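Chemist: Each number in the working numbering corresponds to the 1-based position in the sequence shown with 53 added.
Once you've had a glance at the structure underneath, I'll fire off some questions.
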Amino acid sequence: MQHLFSKSLLALALAFPLASGVGAATHPNDTTAQRWNLTDMYATQAAWDQDAARLEQQLKTLSGCSGQLGQSAQRFKACMDLNADVLKRFYRLSGYAAQKNDEDTGATAGLDLRQRADVLGNRLEEAASFLSPEILKLGRAKVDVYLKQDKSLAIYHQLLNDVLRGADHTLSKESETLVANFSQATGAASAVYSTLSNADMPWPKVKLSDGSEVTVDQSAYTKYRALPNRDDRKRVFDAFWGKWKEFERTYGVTFYEQLKKDAALAKVRRYPDSLTQSLFANNLPRAVYDTLVDQASANLPTLHRYFKLRAKMLGVKDMQYFDIYPPLVSSDLKYPIEPSVKLMLESVKPLGDDYVKAMEAGTKARWMDVYPRDKKRSGAYMNGSVYDVHPYLLLNHNDDYESLSTLAHEWGHAMHSVLSAKAQPFITADYPTFTAEIASTTNEVLLLDHMLKVSKTDDERMLYLGSALENLRGTFFRQAMFAEFERTVHAKVDKGDSLTGEALTKIYGDILKRYHGDKEGVVKIDDVYAIEWAYIPHFYNKFYVFQYATSISAGNMFATEILKGTPGARDKYLAILKAGGSRYPYELVKEAGVDLASPAPYQAIVARMNAIMDQIEAIQAKQK
Numbered sequence: 054m055q056h057l058f059s060k061s062l063l064a065l066a067l068a069f070p071l072a073s074g075v076g077a078a079t080h081p082n083d084t085t086a087q088r089w090n091l092t093d094m095y096a097t098q099a100a101w102d103q104d105a106a107r108l109e110q111q112l113k114t115l116s117g118c119s120g121q122l123g124q125s126a127q128r129f130k131a132c133m134d135l136n137a138d139v140l141k142r143f144y145r146l147s148g149y150a151a152q153k154n155d156e157d158t159g160a161t162a163g164l165d166l167r168q169r170a171d172v173l174g175n176r177l178e179e180a181a182s183f184l185s186p187e188i189l190k191l192g193r194a195k196v197d198v199y200l201k202q203d204k205s206l207a208i209y210h211q212l213l214n215d216v217l218r219g220a221d222h223t224l225s226k227e228s229e230t231l232v233a234n235f236s237q238a239t240g241a242a243s244a245v246y247s248t249l250s251n252a253d254m255p256w257p258k259v260k261l262s263d264g265s266e267v268t269v270d271q272s273a274y275t276k277y278r279a280l281p282n283r284d285d286r287k288r289v290f291d292a293f294w295g296k297w298k299e300f301e302r303t304y305g306v307t308f309y310e311q312l313k314k315d316a317a318l319a320k321v322r323r324y325p326d327s328l329t330q331s332l333f334a335n336n337l338p339r340a341v342y343d344t345l346v347d348q349a350s351a352n353l354p355t356l357h358r359y360f361k362l363r364a365k366m367l368g369v370k371d372m373q374y375f376d377i378y379p380p381l382v383s384s385d386l387k388y389p390i391e392p393s394v395k396l397m398l399e400s401v402k403p404l405g406d407d408y409v410k411a412m413e414a415g416t417k418a419r420w421m422d423v424y425p426r427d428k429k430r431s432g433a434y435m436n437g438s439v440y441d442v443h444p445y446l447l448l449n450h451n452d453d454y455e456s457l458s459t460l461a462h463e464w465g466h467a468m469h470s471v472l473s474a475k476a477q478p479f480i481t482a483d484y485p486t487f488t489a490e491i492a493s494t495t496n497e498v499l500l501l502d503h504m505l506k507v508s509k510t511d512d513e514r515m516l517y518l519g520s521a522l523e524n525l526r527g528t529f530f531r532q533a534m535f536a537e538f539e540r541t542v543h544a545k546v547d548k549g550d551s552l553t554g555e556a557l558t559k560i561y562g563d564i565l566k567r568y569h570g571d572k573e574g575v576v577k578i579d580d581v582y583a584i585e586w587a588y589i590p591h592f593y594n595k596f597y598v599f600q601y602a603t604s605i606s607a608g609n610m611f612a613t614e615i616l617k618g619t620p621g622a623r624d625k626y627l628a629i630l631k632a633g634g635s636r637y638p639y640e641l642v643k644e645a646g647v648d649l650a651s652p653a654p655y656q657a658i659v660a661r662m663n664a665i666m667d668q669i670e671a672i673q674a675k676q677k
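Structure representation (structure tokens):
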């Protein structure tokens, strides 16, 4: 488990950006049976309050451990156990508060609960700030003596090694306390972004070709950018991005403040730059990041091939940026939640009976909040941070194939948490994003394989192949593009350069146009659309999105070998899930046969994309 002495460990594996759910239509099947059961965490608000009070008392006791870690192995063990129990309790409190807020973002009670949990997190970080400096003061030799004297300390081996590995970047006790105190005042940039983007933005109205008028907020943009009418799509794009462009200066200031904060923290902790600090947390080689970006850039001809195929399938001669979202294949096929669950369970059979049975049990136990409704958070995620309860999944199932694919994705995360919690103690049960997205993308590959096998017509096959192709574009190439942008802007600020909103738009626009072949006439991009950088919430969590691209590459390789029946492939893959955070993720994945610091996984994902396009073109040729 990474950063165990910090409040930042709430392990929400997010699949979609945070957006307001206000205005979303409530699905007719949104019944209690299709909503998650939060009473598995706390039966009542009073129970949450009581546990919060218990945490407050524990934090006082934990602070009393300061200066005492060197007394004896017994005292050391007691303080480490207390810290673990504090974290476990905080994750439950924080998880409940976040989910209570997400099920109704318009309810003041849920927002208040979330804010109270944030305050508890800040107090936790402050109370635990002495741990790393004191462990470093003990030194590796004494820590090793403790480990030999008390074998039960073995569960902390990875954590202790991680702390000792960071000796050069850990401050004195007083300085760590100071940094922890200031952390309460360093979230302004992301908070302003979230408030402006989700609550205060004066969203434009657009009149569509059918005469209807729609307010193009974030949810509406996601919906209407895929309209079949091309003029409607352009209206939506022009209105939506035009509105963001009006706030370019504000978003520039906000993001620049975030970049400066990241640069300052890297400097304070004696890292050469922000990227090195970010990768250090999970002991990831710099080559992973750079190789991903380099390989994505080197394989842009495959992305351009996709755009040309998309233009042909849409009947568009002059491909524009607003043409990248309509589905390649229109379909009236419906995938309600019950049949979707059945298809998902059938698709994961290659992972073994135990995996299928555990997943099936979870689908029947109200772990999911399934359907959209007014004021519910949009998008989807899995929260596996509540160790001794079970994972929770937020969905917004719309009975389409994308919803089925999302279901498989989020249950990949959930099963990762189930297997990790079963195999690991709390302290090593959490896992980093680097491996988390492997679990979800592997399940997506398995789902596609199953759907192609059970499809009845070429049109149905085209639906699945087209969806997979778009997923590869969005998860590999788009996230790699984001990664290049992040690397560029962080490097500038790390060197002391200033960045305005206009400058950020220019940097992003150049990368965006190169990826989409604007110069070659593959996809033409209006300059106003380059404000898109301001829309991406993940940029406020530095160097996060690249892991989607590395994970889909690894997941593709693992799923391919599992489906081929390669001896040992399934066990190697499941071993990654069961390992949780007990090993560094790069080493864990490499040991299972995939080296994400080498070009091979990225070349394999590009080859898969080309193979899917070959299949689509073969079907097209047959249908002529």
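Backbone N, C-alpha and C fix where the C-beta goes; we use that ideal spot for every residue, glycine too.
Here the structure is a predicted model, which is why all the values come from computation and not from measurement.
(1) Hey, how far is the Cα of L457 from the Cα of S243?
(2) For Y144 and S438, which I take to be in contact (beta-carbon distance under 8 Å), what is that distance rounded to the nearest angstrom?
(3) Note down, in chain order, each residue of its chain lying with its Cβ closer than 7 Å to the Cβ of Y593, except the 5 sequence neighbours on either side.
(4) Is it buried or exposed, A64, if we count other Cβ atoms within 10 angstroms and call 16 or more buried?
(5) Just to confirm my understanding: we take G74, look at its own chain, exclude 5 residues before and 5 after, and list those with CB closer than 6 Å. What are they?
(6) What is the residue span of the beta strand (DSSP E) that M412 lies within?
(7) Beta strand (DSSP E) containing L446: first to last residue?
(8) For V598, which residues in the same chain have their Cβ closer than 7 Å to its Cβ, ignoring the five residues on either side in sequence?
(9) Would you say the segment 113-129 touches the segment 195-204, given that touching needs at least three Cβ pairs under 8 Å?
(10) Do you know how far the Cα of L332 is from the Cα of H210?
(11) CA-CA distance, D347 and P81?
(12) Whole angstroms are fine: how far does the CA of F530 sit from the CA of I377?
(13) Hey, would you say N609 sits closer than 7 Å to I578, going by beta carbons?
(14) Whole angstroms is fine: what's the gap from T613's alpha carbon to V269's?
(15) Can you list, in chain order, the residues of its chain with a C-beta nearer than 8 Å to that of R286? Leave out the 5 residues immediately preceding and following it.
(16) Taking Cβ to Cβ, would you say R426 is nearer than 7 Å to T79?
(17) Give me the residue from A414, F300, L565, H222 with the minimum Cα distance to R322.
(18) Rounded to the nearest angstrom, what separates A474 and S635 at their Cα positions?
(19) When the Cα atoms are used, what is the spatial distance from G76 to N451?
(20) Hey, which unbroken runs of the alpha helix (DSSP H) at 4 residues or more fall wholly within the segment 75-124?
(21) Which of the three DSSP states is assigned to E227 in this structure?
(22) For Y484, name the three-state secondary structure that DSSP assigns.
(23) Got a sec, what are the start and stop residues for the beta strand (DSSP E) E573 sits in?
(24) If you pair each beta-carbon of the segment 248-263 with each one of the segment 540-560, do three or more pairs fall below 8 Å?
(25) By how many angstroms is the C-alpha of M397 removed from the C-alpha of V471?
(26) Roughly how many angstroms lie between the CA atoms of P403 and D284, to the nearest whole one?
(27) Would you mind stating whether T486 and Q600 have Cβ atoms separated by less than 7 Å?
(28) Determine the DSSP secondary structure at T553, reduced to helix, strand or coil.
(29) Within 10 angstroms of the Cβ of T344, are there 16 or more other Cβ atoms? Answer buried if so, exposed if not.
(30) With 16 other CB atoms within 10 Å as the buried threshold, where does T416 fall?
(31) In the DSSP assignment, the alpha helix (DSSP H) including Y454 goes from what residue to what residue?
(32) Whether or not the segment 569-583 and the segment 289-301 are in contact is what I'm after, with contact meaning three or more pairs of Cβ atoms, one per stretch, closer than 8 Å; do they touch?
(33) For D422, which of helix, strand or coil comes out of DSSP?
(34) Would I560 count as contacting chain B if we go by Cβ distances under 7 Å?
(35) Hey, how far is the Cα of W297 from the Cα of F596?
(36) Below 8 Å on the Cβ atoms is my contact criterion, and I expect Y424 with Q87 to pass it. Report the Cβ-Cβ distance as a whole number of Å.
Modeler: The relevant details are as follows:
(1) Position 404 of the sequence shown, counting from 1, holds the residue named residue 457. Position 190 of the sequence shown, counting from 1, holds the residue named residue 243. Their Cα atoms are separated by approximately 31 Å.
(2) In the sequence shown, counting from the first residue as 1, residue 144 sits at position 91. In the sequence shown, counting from the first residue as 1, residue 438 sits at position 385. Yes, they are in contact, since the Cβ atoms of Y144 and S438 sit about 4 Å apart, within 8 Å.
(3) Along the sequence shown, read from residue 1 onward, the residue named residue 593 stands at position 540. Contacts found: A242, S243, Y246, Q311.
(4) Locating residue 64 in the sequence shown gives position 11, counting from the first residue. Low confidence applies here, because A64 scores a pLDDT of 36, under 50, leaving its location unreliable; read the following figure in that light. Classification for A64: buried.
(5) By one-based count along the sequence shown, residue 74 stands at place 21. Unreliable positioning characterises G74 in this predicted model, as indicated by a pLDDT of 45, which lies under 50. The coordinate reading is nonetheless provided below. Correct list, in chain order: T158, K428, K429, R430, S431.
(6) In the sequence shown, counting from the first residue as 1, residue 412 sits at position 359. Premise fails: M412 lies in the alpha helix (DSSP H), 406-416, not in any beta strand (DSSP E).
(7) On the sequence shown, position 393 is the one that residue 446 refers to. Where L446 is concerned, the enclosing beta strand (DSSP E) stretches over 445-447.
(8) In the sequence shown, the residue the question calls residue 598 occupies position 545. Counting only Cβ-Cβ distances below 7 Å, and skipping sequence neighbours, we find Q532, F535, A536, H591.
(9) yes
(10) Against the sequence shown, residue 210 aligns to sequence position 157. Against the sequence shown, residue 332 aligns to sequence position 279. Rounded to whole angstroms, H210 to L332 spans 20 Å at the Cα level.
(11) Translated into positions along the sequence shown, residue 347 becomes position 294. Translated into positions along the sequence shown, residue 81 becomes position 28. D347 and P81: Cα-Cα distance of roughly 47 Å.
(12) As a position in the sequence shown, residue 377 is number 324, starting the count at 1. As a position in the sequence shown, residue 530 is number 477, starting the count at 1. About 13 Å.
(13) Mapped onto the sequence shown, residue 609 falls at position 556. Mapped onto the sequence shown, residue 578 falls at position 525. Contact: no.
(14) By 1-based counting over the sequence shown, the position of residue 613 is 560. By 1-based counting over the sequence shown, the position of residue 269 is 216. Taking the straight line from one Cα to the other gives about 40 Å.
(15) Here residue 286 refers to the residue found at position 233 when the sequence shown is read from its first residue. Y277, R278, A279, L280, F375, D376, Y378, P379.
(16) Start at 1 with the first residue of the sequence shown, and residue 426 comes out as number 373. Start at 1 with the first residue of the sequence shown, and residue 79 comes out as number 26. A contact, by the Cβ cut-off of 7 Å.
(17) Position 269 of the sequence shown, counted from the first residue, corresponds to residue 322. Selected option, being the one with the closest Cα: H222.
(18) On the sequence shown, position 421 is the one that residue 474 refers to. On the sequence shown, position 582 is the one that residue 635 refers to. So the two alpha carbons sit approximately 12 Å from each other.
(19) For this step, residue 76 is matched to residue 23 along the sequence shown. For this step, residue 451 is matched to residue 398 along the sequence shown. Residue placement at G76 is poorly supported in this model, since its pLDDT is 46, which falls under 50; the coordinates still yield a value, given next. Rounded to the nearest angstrom, the two C-alpha atoms are 15 Å apart.
(20) 98-116
(21) Along the sequence shown, read from residue 1 onward, the residue named residue 227 stands at position 174. In this structure, E227 counts as helix in the three-state DSSP scheme.
(22) As a working note, residue 484 is residue 431 in the sequence shown. Here Y484 sits in coil by DSSP.
(23) Here the question's residue 573 lines up with position 520 in the sequence shown. Taken as a continuous stretch (DSSP letters only), E573 belongs to no beta strand (DSSP E), as it is neither H nor E.
(24) no
(25) To locate residue 471, count along the sequence shown from 1; it is residue 418. To locate residue 397, count along the sequence shown from 1; it is residue 344. One C-alpha to the other measures close to 17 Å.
(26) Counted from its first residue, the sequence shown places residue 403 at position 350. Counted from its first residue, the sequence shown places residue 284 at position 231. For P403 and D284, the distance between alpha carbons rounds to 45 Å.
(27) Start at 1 with the first residue of the sequence shown, and residue 486 comes out as number 433. Start at 1 with the first residue of the sequence shown, and residue 600 comes out as number 547. Contact flag set, yes.
(28) Start at 1 with the first residue of the sequence shown, and residue 553 comes out as number 500. In this structure, T553 counts as coil in the three-state DSSP scheme.
(29) Position 291 of the sequence shown holds residue 344. Flag for T344 reads buried.
(30) To locate residue 416, count along the sequence shown from 1; it is residue 363. It is buried - the Cβ of T416 has at least 16 other Cβ atoms within 10 Å.
(31) On the sequence shown, position 401 is the one that residue 454 refers to. Start and end: 454-476.
(32) yes
(33) Here residue 422 refers to the residue found at position 369 of the sequence shown. Reduced to three states, the DSSP call for D422 is strand.
(34) Note that chain B does not occur in the displayed structure, where there is just one protein chain.
(35) As a working note, residue 297 is residue 244 in the sequence shown. As a working note, residue 596 is residue 543 in the sequence shown. So the alpha carbons of these two residues sit roughly 23 Å apart.
(36) Reading the sequence shown from its first residue, position 371 is the one you call residue 424. Reading the sequence shown from its first residue, position 34 is the one you call residue 87. Contact holds; Cβ gap of about 6 Å.
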